[in-house]
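For the sequence shown, counting from 1, position 614 maps to 726 in our numbering; every step adds exactly one.
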Amino acid sequence: MPNIRQPSSCILSKLEQTFVDVPSAEGARESLQHITSKPHVAGTPGDLEMAQYVHDRFSSFGIPSVEVQPVNALLSNPIQSSLELVDSNSGSVLFTASLSEDTLDLDTTSDTWLRNHTYNGYSPSGDVTAPLVYANYGRPEDFRELEGMGVSVDGAIVIVRYGHCFRGLKAMNAQARGAVGTIIYSDPQQDGFKRGPTYPDGGWRPSSSVQRGSCQFNSLCAGDPSRAANPRSVEKVCGFSKEELVPAIPVMPISQSSKSHSSSSHQYGDAEPLLRALGGEAAPDRFQGGLDFSYTVGPSSGTMVKMVVENEEHVGPVWNVIGTVPGALPEGLDRPVVLGNHRDAWVFGAVDPNSGTASLIELARGLGALLAEGWKPMRTIILCSWSGEELGMLGSTAWGEEHAEGILANAAAYLNVDSAVSGHILRVKATPSLGGLVKGVLTDVQDPDSGGSLLDAWSGDLQMLGSGSDYAVFLAHLGIATVDFEFQQDEAAEYGVYHSIYDSFSWVDNYGDPGFRYFQAASRVWGLLALRLATSDVLPFDPPLQAAALQDYVNALSPRASSSSSGSSDEDAGNVGGSLVLSETDLVPLKDAVEAFRAAADKGAGSDGGGGGVGVDSAAEAADWLEVADLNERLAMTERRFLVDEGLPGRQWFRHVLQAPGLYLGYAAESFPGITQALSDGDLELAQEQVHVAAARIEDAATFLTGDEGRR
113 MPNIRQPSSC
123 ILSKLEQTFV
133 DVPSAEGARE
143 SLQHITSKPH
153 VAGTPGDLEM
163 AQYVHDRFSS
173 FGIPSVEVQP
183 VNALLSNPIQ
193 SSLELVDSNS
203 GSVLFTASLS
213 EDTLDLDTTS
223 DTWLRNHTYN
233 GYSPSGDVTA
243 PLVYANYGRP
253 EDFRELEGMG
263 VSVDGAIVIV
273 RYGHCFRGLK
283 AMNAQARGAV
293 GTIIYSDPQQ
303 DGFKRGPTYP
313 DGGWRPSSSV
323 QRGSCQFNSL
333 CAGDPSRAAN
343 PRSVEKVCGF
353 SKEELVPAIP
363 VMPISQSSKS
373 HSSSSHQYGD
383 AEPLLRALGG
393 EAAPDRFQGG
403 LDFSYTVGPS
413 SGTMVKMVVE
423 NEEHVGPVWN
433 VIGTVPGALP
443 EGLDRPVVLG
453 NHRDAWVFGA
463 VDPNSGTASL
473 IELARGLGAL
483 LAEGWKPMRT
493 IILCSWSGEE
503 LGMLGSTAWG
513 EEHAEGILAN
523 AAAYLNVDSA
533 VSGHILRVKA
543 TPSLGGLVKG
553 VLTDVQDPDS
563 GGSLLDAWSG
573 DLQMLGSGSD
583 YAVFLAHLGI
593 ATVDFEFQQD
603 EAAEYGVYHS
613 IYDSFSWVDN
623 YGDPGFRYFQ
633 AASRVWGLLA
643 LRLATSDVLP
653 FDPPLQAAAL
663 QDYVNALSPR
673 ASSSSSGSSD
683 EDAGNVGGSL
693 VLSETDLVPL
703 KDAVEAFRAA
713 ADKGAGSDGG
723 GGGVGVDSAA
733 EAADWLEVAD
743 LNERLAMTER
753 RFLVDEGLPG
763 RQWFRHVLQA
773 PGLYLGYAAE
783 SFPGITQALS
793 DGDLELAQEQ
803 VHVAAARIED
813 AATFLTGDEG
823 RR
C-alpha cells in the first residue's frame, strides 16, 4: 500500500467548522459512563436497553428518522464450564482452574456475575479428558512443526495462545488434525506483564483476565452461521452448512498464564500449571512465550486434562439502531454514505466497541447542530449502531445482505469505527481510492497530544481491510469503498484488557484516554469523512492511489514469481527453493491489467481529499449535473467491479479479488487472496487461473472508470 503522507491544501469550510466545534470530550465521557454501567451482551436485556439509549440520543439531536430494528440470529450463551488437571493413573485432581476474573478495588464494575462466565461463543458443549499438547498460536505452520517433531494432536486437547490469527481458526486447525478440544490462553508476551505494568497498576492484562470471543470460522463466511434472518439458506449464501462454520469440538478461553506483576496481586493464572505439567520435547524458539520457564510441547505424560463446556444456542433478536439523514439529491442520483459501529460487548466493552459508540453519539450531536441551522446534506447519511458483532458481525451482515439491492446498491462509502480509542496511536485501514480523503481530513483535525495535525502524528500507512469487524459485508461482499480507523494503545499489540471484564469505564478513564480527548478527535475525523463524502459536488475518490496500490499488490507477488535467487529462468514455474511460485510470464495478464487501470486513472486528476476525478477535474468543468452524476457513478461504483459473482475459491461469500481476510488469518488481509491462497495450498493451476480472474476484474474496472462501457 502506498504511503500517502504528504502536504494537503484542505481547509475547513464554515459548515465543517460548525460541525467540528460540537463533539466534546465531556459528552463522550457521559455517554461511555452510561453505556458501560451494565453488561450488554448481544441479545440480552442490557443490549436492548443500550439500543434504546442510542435511539433516544440520536432522536434528541434531531436526526430525522431513527429506528430500533430487531434482527433474528443464532445466539450462544454460557451455562457452566470446568477445567482440571488430573493424574492419569489415579484420576486424582492435581489442579482446578478458577475460570474466573478477580474483582479490583479500582474497577467498580468488576464485581459482575459475568466474571465467572468466561467462554467462547459458538463453542459446542462437550466433556472430554485427554492428554494435552501445546501448539503455539494454532496456525497451520505450528501444527506442521509439531508433526515434524513427531508430535500428534490426534485425540489430544490442544492448548494455544492468543495472537497471529483469529481464535476460531485456531480451533478449526486443531479440529482438522483430530484434536478433541481447544484451550486458548493469553500469554504475557502478547498483552501481559511483558508489555508493561498490568491493570490496575498499568494498562496491560492482569493475571486473572480472560479474553472471551467468538470461535466462528470467520474467514469462511461472516454473519449468522444459521442465517436465521435471511430467506436464503446459509448453504446458498455461504456455500457451507452451519456445522461447517463453527467448531465441532469444545473451545475454552482461560486466563493469563503468568504471575501477576502487580503490587496488588500475586495469584497465578489458569494456564501456567497446565503448561508446566506438559513435559515432552522442548518447544522451538518461536513457540516460547513470556513465562519464566522453558516451554515444552507435550503430549503430557502422567497427567490428563478434563475439560467440560456447557453452552446453549438459540435463535433470538439482536437490535440494530438506524438513523437516517435524507439527502437533497433525487433517488437516482443519491449516493448514500453509511457510518457504522457495533454496540454489543462481551461484558462492558468500554473500548470495544463503545469508545466507538460514544464517538458516534457525539458525531450525531454535531450533525444535529447543522440540521438545526436548516442544513441538508447533498447525499443521504445513515448512522448505524449494530448489534451481534462480537459473535460474528450478525447485525451488520444481516442488514447489508437485506439492503444489497436497495439503499446500498448505490452507496458511495461505508465508514466503520469499532474500538475507536484505546490509546493515542492512529491506525487507518481503507480502500486505496479513499486515501486522499483520509489524508485531507487528518490534515484538518488536531492531534490532542502534539497540537499539530493528525496527519503529522500518523505513520501514513494506509492498511488493507481484512475481517473481524462490521465492514466485512460492505467491502468483501458488496464492494463498497470502506474506511476503518482507531487510536490504539500499542502498534504491535491489542490493548491489554480486550474482551475481559476490565474493558471498563475505569480502564478507559485511567489508561485508555484520560480526559477523553481522543474520543473527541475520533468524532471529528469520522464526521469530516462523512461530510466530505456527503457534500462534495464530485465524490472525493482518488483512482491514482488505487492504481498505485494495485501495483504494490503485484509487487508483493513478485518474490513468488522471481526465481533469480534460485538460478532458474523467469519462464520456470513451480516449486522454487521449496516455495510454490508463479513465473513472470504467468503474471503478465495481471501486470497488463494494472497498467490499463493506471492509464484510466491518470486520465483525470485524482482528488486530494476534496474532489477531482476521472475525465473532469471539478464540478465547475462539468457541462451539467448529468455529467457530474456520470462522473460520480464511475468514482463510487468502480470498487464494485473488483467483485466476482462466484466468490473466491472455496469461500463464495467473499467476492473481492483484491483483498480479503487470509483463510488462516481471519483478521489480517491478503492482497489477491485467490492467487495467494492457491499458492499457499500448492495449487499452481488454480493460482494461474486466479491471475486471469483478477486481471479480468481490473480490466473491467479500468474500462468502467473511463466510461467506455455501460454501468454495472
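Cβ atoms here follow ideal geometry from the backbone N, Cα and C, with glycine treated the same way.
{"Asked": "Report the residue from Asp714, Ala780 and Val459 whose alpha carbon sits nearest the alpha carbon of Thr156.", "Found": "Val459"}
{"Asked": "Determine, using beta carbons only, whether Glu797 and Ala705 come nearer to each other than 8 Å.", "Found": "no"}
{"Asked": "Give the single residue among Pro385, Glu443, Ala394 and Gln400 whose Cα lies nearest to the Cα of Met416.", "Found": "Pro385"}
{"Asked": "Spell out the partners DSSP gives Thr436 in its beta bridges.", "Found": "Ser177 and Ile494"}
{"Asked": "Using DSSP's beta-bridge definition, name the partner residues of Asn184.", "Found": "Pro429"}
{"Asked": "Decide if Val700 is buried, meaning its Cβ has at least 16 other Cβ atoms within 10 Å, or exposed.", "Found": "exposed"}
{"Asked": "Taking Cβ to Cβ, would you say Ala642 is nearer than 8 Å to Arg455?", "Found": "no"}
{"Asked": "Apply the 10 Å Cβ neighbour rule to Gln108 and answer buried if 16 or more other Cβ atoms are within range, or exposed otherwise.", "Found": "Residue 108 cannot be examined here, being either before or after the span of the chain that is shown, 113 to 824."}
{"Asked": "Using DSSP with H/G/I as helix, E/B as strand and the rest coil, what is Tyr311?", "Found": "coil"}
{"Asked": "What would DSSP say about Trp765, mapped onto helix, strand or coil?", "Found": "coil"}
{"Asked": "Under a Cβ-count criterion, where at least 16 other Cβ atoms within 10 Å of its own Cβ denotes burial, should Asn201 be classed as buried or exposed?", "Found": "exposed"}
{"Asked": "Mind checking which residues open and close the beta strand (DSSP E) that includes Ser508?", "Found": "Careful: Ser508 lies outside any beta strand (DSSP E), inside the alpha helix (DSSP H) at Leu506 to Glu514."}
{"Asked": "Hey, which unbroken runs of the beta strand (DSSP E) at 3 residues or more fall wholly within the region 513-577?", "Found": "525-528 and 537-542"}
{"Asked": "Evaluate Phe653 with the Cβ neighbour count: other Cβ atoms within 10 Å of its Cβ, from every protein chain shown; 16 or more gives buried, anything less gives exposed.", "Found": "buried"}
{"Asked": "Assign Arg710 to one of three DSSP states: helix, strand, or coil.", "Found": "helix"}
{"Asked": "Find the nearest neighbour of Lys126 within the set Ala154, Ser172 and Arg644, judged by alpha-carbon distance.", "Found": "Arg644"}
{"Asked": "Mind checking Asp199: buried by the 16 CB within 10 Å criterion, or exposed?", "Found": "exposed"}
{"Asked": "Any chance you could list the alpha helix (DSSP H) runs of at least 4 consecutive residues sitting entirely within the region 253-292, in chain order?", "Found": "279-288"}
{"Asked": "If you pair each beta-carbon of the region 784-800 with each one of the region 766-774, do three or more pairs fall below 8 Å?", "Found": "yes"}
{"Asked": "Using 8 Å as the limit for Cβ to Cβ distance, is Pro626 near chain C?", "Found": "Of the protein chains in the structure, only one exists, and it is not chain C."}
{"Asked": "Could you tell me the distance, in whole angstroms, from the CA atom of Pro182 to the CA atom of Tyr249?", "Found": "37 Å"}
{"Asked": "Name the DSSP bridge partner or partners of Asp336?", "Found": "In the DSSP output, where bridge partners are listed per residue, Asp336 has none listed."}
{"Asked": "Kindly indicate the opening and closing residues of the beta strand (DSSP E) around Pro773.", "Found": "Gln771 to Pro773"}
{"Asked": "What does the Cβ neighbour count give for Gln192, buried or exposed, with the cut at 16 atoms within 10 Å?", "Found": "exposed"}
{"Asked": "Determine the DSSP secondary structure at Asp382, reduced to helix, strand or coil.", "Found": "coil"}
{"Asked": "Mind checking whether Gly480 and Phe131 have CB atoms under 8 Å apart?", "Found": "no"}
{"Asked": "Using the rule of at least 16 other Cβ atoms within 10 Å of the residue's Cβ for burial, across every protein chain shown, is Ser677 buried or exposed?", "Found": "Note that Ser677 scores a pLDDT of 35, beneath 50, so its modelled location is shaky; the value from the coordinates is reported in the next line. It is exposed - the Cβ of Ser677 has fewer than 16 other Cβ atoms within 10 Å."}
{"Asked": "Going by C-alpha distance, which of Asn232, Ile519, Ala542 and Ala521 is nearest Val529?", "Found": "Ala542"}
{"Asked": "Taking the beta strand (DSSP E) that Asn466 falls in, what are its first and last residues?", "Found": "Here Asn466 belongs to no beta strand (DSSP E); instead the alpha helix (DSSP H) covers Asn466 to Ala484."}
{"Asked": "Nearest to Arg447 by CA position, among Leu124, Met749, Glu138 and Asp757, is which residue?", "Found": "Met749"}
{"Asked": "Rank Val585, Gly238 and Asp382 by C-alpha distance to the C-alpha of Leu520 and give the top, closest one.", "Found": "Val585"}
{"Asked": "Answer yes if the region 229-236 comes into contact with the region 323-337, meaning at least three C-beta pairs across the two stretches below 8 Å, and no otherwise.", "Found": "yes"}
{"Asked": "Tell me whether the beta-carbon of Ile592 lies closer than 8 Å to the beta-carbon of Ala525.", "Found": "yes"}
{"Asked": "Using C-beta distances below 8 Å, list every residue in its chain close to Trp487, excluding the 5 sequence neighbours before and after it, in chain order.", "Found": "Leu127"}
{"Asked": "Run the CB neighbour count on Asp559, radius 10 Å, all protein chains shown included, and call it buried at 16 or more, exposed below.", "Found": "buried"}
{"Asked": "Would you kindly work out how many angstroms separate the C-alpha atoms of Leu692 and Asn228, rounded to a whole number?", "Found": "48 Å"}
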